[in-house]
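Data block below; observations after.
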Ligand code: SF4
Ligand code: SF4
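Numbering (this note's numbering), first residue to last: 2 to 85.
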């Protein structure tokens, strides 16, 4: 299981600072930060701690099992970002 970010993300970086294992990317100093529409959580590294959820001002982070049905495909979108 992992946490998943959906397309309402505003890239404000609040979750990046809250994550204890640094699994949310791209970060501000990574080259593709301007070209991506949102941030993504690496499902291989996320430890399911939940620290990112309360700091997200746009409520864009979900536990995999609690993704709204119309946002279910974002689990794959998050994982795919780390496969390239
Ligand atoms: S649940 Fe924890 S480990 Fe996973 S992305 Fe959020 S803050 Fe990082
Ligand atoms: S805190 Fe929420 S809106 Fe901000 S970068 Fe993270 S997921 Fe996106």
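Beta carbons: idealized from backbone N, C-alpha and C, even for Gly.
message = Given 8 Å as the limit, tell me if residue 40 has its C-beta closer than that to any heavy atom belonging to ligand 2.
response = By one-based count along the chain shown, residue 40 stands at place 39. Correct: residue 40 has its Cβ closer than 8 Å to ligand 2.
ask   = What are the uninterrupted segments assigned as beta strand (DSSP E) that are 3 or more residues long and contained completely in the stretch 17-71, given in chain order?
value = Complete beta strand (DSSP E) runs here, min 3: 62-64.
query = Can we count residue 78 as close to ligand 1, meaning its CB is less than 8 Å from some heavy atom?
reply = Start at 1 with the first residue of the chain shown, and residue 78 comes out as number 77. It does not: the Cβ of residue 78 is nowhere closer than 8 Å to a heavy atom of ligand 1.
task = Leaving out five residues on either side along the sequence, give the residues of the same chain with a beta carbon under 6 Å from the beta carbon of residue 28.
result = Within the chain shown, numbered from 1, the residue matching residue 28 stands at position 27. Result list for residue 28: 17, in chain order.
request  = Go ahead and pull the three-state DSSP assignment for residue 78.
outcome  = Here residue 78 corresponds to residue number 77 of the chain shown, with the count starting at 1. In this structure, DSSP gives residue 78 a helical state, which the three-state scheme calls helix.
Beta-carbon spacing of residue 25, residue 61 below 9 Å = Position 24 of the chain shown, counted from the start, is the residue given in the question as residue 25. Position 60 of the chain shown, counted from the start, is the residue given in the question as residue 61. No, the Cβ-Cβ distance between residue 25 and residue 61 is not below 9 Å.
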